[in-house]
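Protein chains in written order, with our numbering: chain L, 6 to 171; chain W, 6 to 171. Report on the structure given below.
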DNA sequence: CTAGGAGCTGGAGTGCACTCCAGCGCAAGG
DNA sequence: CCTTGCGCTGGAGTGCACTCCAGCTCCTAG
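Put into structure tokens, the structure is as follows:
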């Protein structure tokens with residue numbers, strides 16, 4: 006992969022800006038996604054070289070990382086667009102901008118709690134299976150139904166379990 | 006909402022099992038989703054009352070919560086199905102079952118790290134905007150471009166920013 | 001001069017996970 | 001007896017976020 010002859014690029018462009026492939030590798034967003042985000046108005050900072058190819062100045066790269074953070078944490082594309090189109094630092098849009106970002110923070114925190122809880126559920130299940138197998142291996146027959154029941158689909162167990170805690 | 010005459014239900018059914026609506030409220034899964042999960046083989050524990058309506062024994066409820074944890078943490082429906090169809094506690098399936106669950110744990114932990122990082126990005130952005138506005142309000146003109154640039158789409162700023170840290 | 005490779009555009013296609021709907025049955029209340 | 005309400009089924013439809021593609025241009029290497 007020889008470096009594409011940079012002869013034509015301007016001095017500024019040469020060292021600081023990245024091609025779409027590099028950005029793709031850098032951010033792990035696919036090339037198609039980068040183009041699509043741009044079309045959809047999530048990436049306004051993209052420039053073009055003389056022959057019409059995209060050039061991403063470093064500011065764009067950082068901006069993309071923000072967009073990525075918003076997307077990965079569950080902000081819908083429409084909201085990211087809204088945020089982006091609120092533009093530079095204009096005072097007028099400050100409240101809405103802040104609202105969007107703070108809302109997102111709240112959601113992330115909520116999500117983290119949920120994730121912790123869900124992790125606990127999965128880990129508890131793993132523990133139960135370990136115990137089950139430990140016992141099952143020790144005494145092949147007569148499995149502890151009450152341990153199995155809440156977890157599994159064994160038809161023998163249907164409707165056997167007593168009331169659940171909450 | 007008068008309690009539906011329970012006259013017909015069996016003694017076992019009466020107190021312990023739930024109707025689809027109750028499960029829906031309990032789990033926050035929509036009624037349609039519950040039915041769909043069942044069709045798709047994610048919920049094998051569901052029974053029927055005499056007139057063909059679904060009855061969820063408590064074991065099913067707990068099971069649903071596990072499925073929910075797996076789904077919410079990003080396990081694809083296909084994998085949940087695979088996990089579910091591995092069946093009761095049979096030794097034969099133990100390795101695959103554990104593999105699925107442990108893989109999922111790993112993914113959750115990864116996701117939590119990512120989430121923390123993304124939260125940091127969003128919070129940093131909020132902080133930068135606060136600072137920007139604080140200054141902007143103090144001295145209306147001549148905004149601090151170097152602070153704005155990495156964040157925003159102001160056309161005046163294109164290609165201005167120097168090299169990025171990483 | 002030619003061939004290969006990267007990128008471009010506009011638009012169509014895909015995958016996933018639901019979500020909605022028509023048309024039906026049952027059961028209770030008035 | 002009729003209506004109202006809940007639930008059932010099978011199948012079609014939806015929303016979101018990409019992902020893929022044909023047909024093009026430009027540039028560089030051989």
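Quick reminder that beta carbons are idealized off the backbone N, C-alpha and C, glycines included. In this text, all values refer to a predicted model and were calculated from it rather than measured experimentally.
*asked:* For a quick check, are the C-beta atoms of residue 112(L) and residue 78(L) less than 8 Å apart?
replied: The sequence position of residue 112(L) within the first chain is 107, counting from 1. The sequence position of residue 78(L) within the first chain is 73, counting from 1. Yes; because the gap between Cβ atoms is below 8 Å, this pair is in contact.
*So, is residue 34(W) buried or exposed, given that buried needs 16 or more other C-beta atoms within 10 angstroms?*
Within the second chain, numbered from 1, the residue matching residue 34(W) stands at position 29. It counts as buried.
*Rounded to whole angstroms, what's the CA-CA distance from residue 42(L) to residue 104(W)? Just pull it up for me.*
Within the first chain, residue 42(L) is the residue found at index 37, counting from 1. Within the second chain, residue 104(W) is the residue found at index 99, counting from 1. One C-alpha to the other measures close to 36 Å.
*Since residue 59(L) meets chain W, which of its residues come closer than 7 Å, beta carbon to beta carbon?*
Position 54 of the first chain, counted from the start, is the residue given in the question as residue 59(L). Under the 7 Å cutoff, chain W gives no residues; its nearest Cβ is about 13 Å from residue 59(L).
*Which residues bound the alpha helix (DSSP H) around residue 51(W)?*
The residue given as residue 51(W) occupies position 46 in the second chain. Residue 51(W) -> no alpha helix (DSSP H), and no H or E assigned at all.
_Looking at residue 50(W): is its Cβ nearer than 8 Å to the Cβ of residue 64(W)?_
What you label residue 50(W) is simply residue 45 of the second chain in a count that begins at 1. What you label residue 64(W) is simply residue 59 of the second chain in a count that begins at 1. The answer is yes: Cβ separation under 8 Å.
*Is residue 23(W) helix, strand or coil when you go by DSSP?*
As a first step, residue 23(W) is located in the second chain; it is residue number 18 there, counting from the start. Looking at residue 23(W) - three-state DSSP - the assignment turns out to be strand.
*8 Å Cβ cut-off: residues of chain L touching residue 99(W)*: Here the question's residue 99(W) lines up with position 94 in the second chain. Going along chain L in sequence order, the residues near residue 99(W) (Cβ under 8 Å) are 134, 138.
*For the alpha helix (DSSP H) containing residue 84(L), list its first residue and its last residue.*
Numbered from its first residue, the first chain carries residue 84(L) at position 79. Per DSSP, residue 84(L) belongs to the alpha helix (DSSP H) from 82-90.
*For residue 28(W), count neighbouring Cβ atoms within 10 angstroms of its own Cβ and tell me buried if that reaches 16, exposed if not.*
In the second chain, the residue the question calls residue 28(W) occupies position 23. Residue 28(W) is buried by the Cβ-count criterion.
*asked:* So, for residue 68(W): in the same chain, excluding its five sequence neighbours on each side, which residues have a beta-carbon less than 6 Å away from its beta-carbon?
replied: Position 63 of the second chain, counted from the start, is the residue given in the question as residue 68(W). 50, listed in sequence order.
*Looking only at DSSP bridge pairs, what is residue 61(W) linked to?*
Numbered from 1 along the second chain, position 56 holds the residue referred to as residue 61(W). Paired residue(s): 23(W).
*Do the stretch 124-141 of chain W and the stretch 86-105 of chain L meet, that is, are 3 or more Cβ pairs less than 8 Å apart?*
yes
*Given that residue 74(W) touches chain L, what residues does it touch there, using C-beta distances under 7 Å?*
Counting from 1 along the second chain, the entry for residue 74(W) is found at position 69. Result: 123, 126, 127.
_In the DSSP assignment, the alpha helix (DSSP H) including residue 43(L) goes from what residue to what residue?_
Here residue 43(L) refers to the residue found at position 38 of the first chain. Residues 36-44.
*asked:* With a threshold of 8 Å between beta-carbons, can residue 107(W) be considered close to chain L, or not?
replied: Indexing the second chain from 1 puts residue 107(W) at position 102. Judged by the 8 Å Cβ criterion, residue 107(W) is in contact with chain L.
*asked:* Is residue 96(W) close to chain L? Criterion is C-beta to C-beta, closer than 8 Å.
replied: Sequence index remark: in the second chain, residue 96(W) carries index 91 (1-based). Taking Cβ atoms only, chain L reaches closer than 8 Å to residue 96(W), which makes this a yes.
*Cβ pair residue 96(L), residue 138(W) closer than 8 Å*: For this step, residue 96(L) is matched to residue 91 along the first chain. For this step, residue 138(W) is matched to residue 133 along the second chain. Yes.
*Check whether residue 86(W) and residue 45(W) have beta carbons under 8 Å apart*: By 1-based counting over the second chain, the position of residue 86(W) is 81. By 1-based counting over the second chain, the position of residue 45(W) is 40. The answer is yes: Cβ separation under 8 Å.
*Candidates 115(L), 93(L), 126(L): which alpha carbon is nearest residue 106(W)'s?*
Walking along the second chain from the start, residue 106(W) turns up at place 101. The option with the nearest alpha carbon to residue 106(W) is 126(L).
*From 82(W), 129(W), 122(W), pick the residue whose C-alpha is nearest to that of residue 38(W); which is it?*
Here residue 38(W) is taken as the residue at index 33 of the second chain, counted from 1. It is 82(W) whose Cα lies nearest to the Cα of residue 38(W).
*Could you check the C-alpha separation between residue 21(W) and residue 70(W) for me, to the nearest Å?*
In the second chain, counting from the first residue as 1, residue 21(W) sits at position 16. In the second chain, counting from the first residue as 1, residue 70(W) sits at position 65. The alpha-carbon atoms of residue 21(W) and residue 70(W) are separated by roughly 17 Å.
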